[in-house]
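Student: The structure is given below, and queries will be raised subsequently.
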Ligand code: ADP
Ligand code: MG
């Protein structure tokens with residue numbers, strides 16, 4: 126990552142639940158770290174699945190991203206779990222983050238809190254991935270305000286694009302008012318099942334909608350991916366030869382390649 130000062134920051138966002146945000150946050154981060162990129166994952170979902178999925182007990186994290194966001198006195202050093210794997214660090218969540226969407230409303234600079242946290246951290250990393258909650262509230266707005274781009278996971282099913290306009294509007298709103306650089310960096314298709322005709326049709330439809338943004342890598346429906354978090358393992362640790370591991374490795378390569386073009390002319394769709 127020569128010639129670049131500070132991390133590329135991506136929000137993994139879709140207000141629909143169950144589309145693969147958390148699975149992508151954990152495993153894309155693991156593959157970026159495995160490729161030698163210093164990577165930070167931020168769990169911004171009160172469900173804390175990214176925290177748990179990486180083997181960190183969300184009931185015992187102590188201070189979490191919640192305190193960091195709402196409490197001026199709390200420092201990153203008190204919250205961050207450094208090097209939970211080689212090249213991989215975590216800002217963990219726990220269930221009290223549910224309160225943040227409401228508490229933030231009353232705070233000064235409420236949309237800029239995550240950005241300010243990252244200002245002091247970006248120099249230490251090549252990539253930061255923010256796992257967003259399934260809503261477009263202030264937590265997601267904080268993530269978008271702090272990000273270079275959005276990675277949008279879409280599940281290969283009918284209605285995959287339903288609700289998409291709201292998310293695109295939110296990105297536009299944040300770009301207009303809070304963070305002029307944020308844009309839709311990439312669309313990743315998840316839970317792809319090559320045996321069904323439907324999957325092929327969905328891929329085609331999404332390719333038409335997002336010709337620039339869609340990543341080539343398709344994340345297959347793979348039981349190894351759904352098992353791994355219950356052991357607190359990434360897919361590379363649980364089954365490094367599985368189709369899911371292969372797909373997330375390929376996605377990481379695409380992200381690294383595409384991220385290198387940010388800021389160069391023509392990168393923004
Ligand atoms: P989100 O964070 O968007 O709510 P998750 O990543 O938690 O979505 O995924 C929802 C569920 O689907 C989880 O149980 C997860 O293990 C499972 N899952 C996600 N991606 C895959 C996949 N590619 N293959 C099989 N199961 C998957
Ligand atoms: Mg999730």
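Residue numbers (the numbering used here): 126 to 394.
For each residue, glycine too, the CB sits at the ideal point set by N, CA and C.
1. Are the CB atoms of residue 260 and residue 134 nearer to each other than 8 Å?
2. Would residue 153 and residue 376 qualify as a contact pair, given that the criterion is a beta-carbon distance under 8 Å?
3. Quick one: grab the DSSP three-state call for residue 368.
4. Check whether the Cβ of residue 256 lies closer than 7 Å to any heavy atom of the ligand MG, and answer yes or no.
5. Report back the beta-carbon spacing between residue 168 and residue 190 to the nearest angstrom; my notes put them in contact at under 8 Å.
6. Skipping 5 residues on each side, what residues in its chain have a beta carbon closer than 6 Å to that of residue 335?
7. Just to confirm the assignment: which complete alpha helix (DSSP H) runs, minimum length 4, are found wholly within the segment 145–226?
8. Would you call the segment 340–359 in contact with the segment 313–323, where contact means no fewer than 3 C-beta pairs closer than 8 Å?
9. Name the DSSP bridge partner or partners of residue 256?
10. At 3 residues or longer, and completely inside the segment 335–367: list those beta strand (DSSP E) runs for me, N to C.
11. Measuring CB atoms only, is the segment 231–247 touching the segment 263–271, in the sense that at least three cross pairs come out at less than 8 Å?
12. Ignoring anything shorter than 3 residues, give me the beta strand (DSSP E) runs that lie fully in the segment 235–310, in order along the chain.
13. How about residue 170: is its Cβ closer than 7 Å to a heavy atom in the ligand MG?
14. Within its chain, find whatever has a CB closer than 8 Å to the CB of residue 263; leave out the 5 residues flanking it on each side and keep chain order.
15. Any chance the CB of residue 147 is under 7 Å from a heavy atom of the ligand MG?
16. Roughly how many angstroms separate the alpha carbons of residue 233 and residue 257, rounded to a whole number?
17. Go through its chain and collect everything with a Cβ distance to residue 219's Cβ below 6 Å, but skip five positions before and after it.
18. Based on DSSP bridge pairs, tell me the residues matched to residue 313.
19. Just the Cα atoms here: how many angstroms apart are residue 300 and residue 310?
20. Measure the C-alpha to C-alpha separation of residue 209 and residue 162 and round it to an integer number of angstroms.
Tutor: Per the coordinate set shown:
1. no
2. yes
3. helix
4. yes
5. 6 Å
6. 312
7. 146–159, 174–178, 190–195, 201–204
8. yes
9. 137, 168
10. 339–345
11. yes
12. 252–256, 274–280
13. yes
14. 225, 226, 229, 230, 235, 236
15. yes
16. 21 Å
17. 173, 183, 186, 189
18. 278
19. 13 Å
20. 14 Å
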